[in-house]
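Notes for the one structure printed next.
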Amino acid sequence: MNLDHVTLRTADLEGTRSFLERVLDLKPGYRPGFSFPGYWLYAGGEPIVHLIPGRSSRVDRSGETIDHAGFRLEGYSKYREKLDALDMQYSTMDLPELNERRLFVRTPTGILLELVFRENGGYG
Numbered sequence: 125m126n127l128d129h130v131t132l133r134t135a136d137l138e139g140t141r142s143f144l145e146r147v148l149d150l151k152p153g154y155r156p157g158f159s160f161p162g163y164w165l166y167a168g169g170e171p172i173v174h175l176i177p178g179r180s181s182r183v184d185r186s187g188e189t190i191d192h193a194g195f196r197l198e199g200y201s202k203y204r205e206k207l208d209a210l211d212m213q214y215s216t217m218d219l220p221e222l223n224e225r226r227l228f229v230r231t232p233t234g235i236l237l238e239l240v241f242r243e244n245g246g247y248g
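Position in the sequence shown (from 1) plus 124 gives the number in the numbering used here.
Below you can see the structure in the form of structure tokens.
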């Protein structure tokens, strides 16, 4: 089984779309003619992130909700350099027992994204 897509509700459709294009290199593509605005953002020919309108409100992290979306990527150093060049704040987490490194970023409206890198041969 594979996760097909994630849908993010945001009060800033354009800002979130632009953010995901710049940070994750996602590209807007075909989206059925729904009666509400939004975007389907593609990676490798698949629409993996759907954006739809949402109200601006504080996330209650203690309630039942999806906490964050994680994306497995390649090129940890390249992504750190990209985030630095874009002057974006992020945090890091290294999990040597899994041979993984992680970067955490927030969209313009505060949605948490986890970028997961499994590097062969260590952290170099």
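Think of the CB as a built atom: it goes at the ideal place given N, C-alpha and C, for glycine as much as any other residue.
Legend entry - residue 166, DSSP secondary structure in three states: strand
Legend entry - Close beta carbons around residue 197, own chain, < 8 angstroms, minus the five adjacent residues each side: 148, 203, 239, 240 and 241
Inset, instruction - State buried or exposed for residue 200, treating a residue as buried only when at least 16 other CB atoms are found within 10 Å of its CB. - result: buried
Inset, instruction - Go to residue 146, then tell me how far its alpha helix (DSSP H) extends in each direction, as first and last residue. - result: 137 to 148
Inset, instruction - Starting from residue 204, trace the alpha helix (DSSP H) both ways and give me its first and last residue. - result: 200 to 209
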